[in-house]
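Engineer: Numbering (the numbering used here), first residue to last: 1452 to 1526. The beta-carbon is built from N, C-alpha and C at its ideal position, and this holds for glycine as well.
1. Return the chain-ordered list of same chain residues with a C-beta closer than 7 Å to the C-beta of residue 1479, the five sequence neighbours on each side being excluded.
2. Here's the rule: buried if 16 or more other CB atoms are within 10 angstroms of the residue's CB, otherwise exposed. What is residue 1488?
3. What are the boundary residues of the beta strand (DSSP E) that residue 1493 is part of?
4. Would you identify the three-state DSSP class for residue 1465, choosing helix, strand or coil?
5. What are the boundary residues of the beta strand (DSSP E) that residue 1504 is part of?
6. So residue 1458 packs on residue 1503, CB below 8 Å; how close in whole Å?
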């Protein structure tokens, strides 16, 4: 498989993951923070000599939301 093909597949996969994450955030509620987090999601593909990386990220608090942390006052 050529490097460009792998890059195209990773790009498509990254877009799918972000789309699914946005759908999950929308299900959780229409808060300002979930909207901000949804808008901050991104993907980046880094190509190196012997490898290729797909980086997915967002706001700093993304890992906490991913783990299900609701915050101080979850009501």
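Structural biologist: Let me lay it out:
1. What you label residue 1479 is simply residue 28 of the chain shown in a count that begins at 1. For residue 1479, where only same-chain residues beyond five positions count, the Cβ hits under 7 Å are 1485.
2. Stepping through the chain shown from its first residue, residue 1488 is reached at position 37. Classification of residue 1488: buried, given that the 10 Å Cβ count is 16 or more.
3. To locate residue 1493, count along the chain shown from 1; it is residue 42. Counting along the chain, the beta strand (DSSP E) containing residue 1493 begins and ends at 1493-1498.
4. Within the chain shown, residue 1465 is the residue found at index 14, counting from 1. Note: residue 1465 maps to helix in three-state DSSP.
5. As a first step, residue 1504 is located in the chain shown; it is residue number 53 there, counting from the start. Looking at the DSSP string, the run of the beta strand (DSSP E) that includes residue 1504 is 1503-1508.
6. Locating residue 1458 in the chain shown gives position 7, where the first residue counts as 1. Locating residue 1503 in the chain shown gives position 52, where the first residue counts as 1. The C-beta distance from residue 1458 to residue 1503 rounds to 7 Å, short enough to fall under 8 Å.
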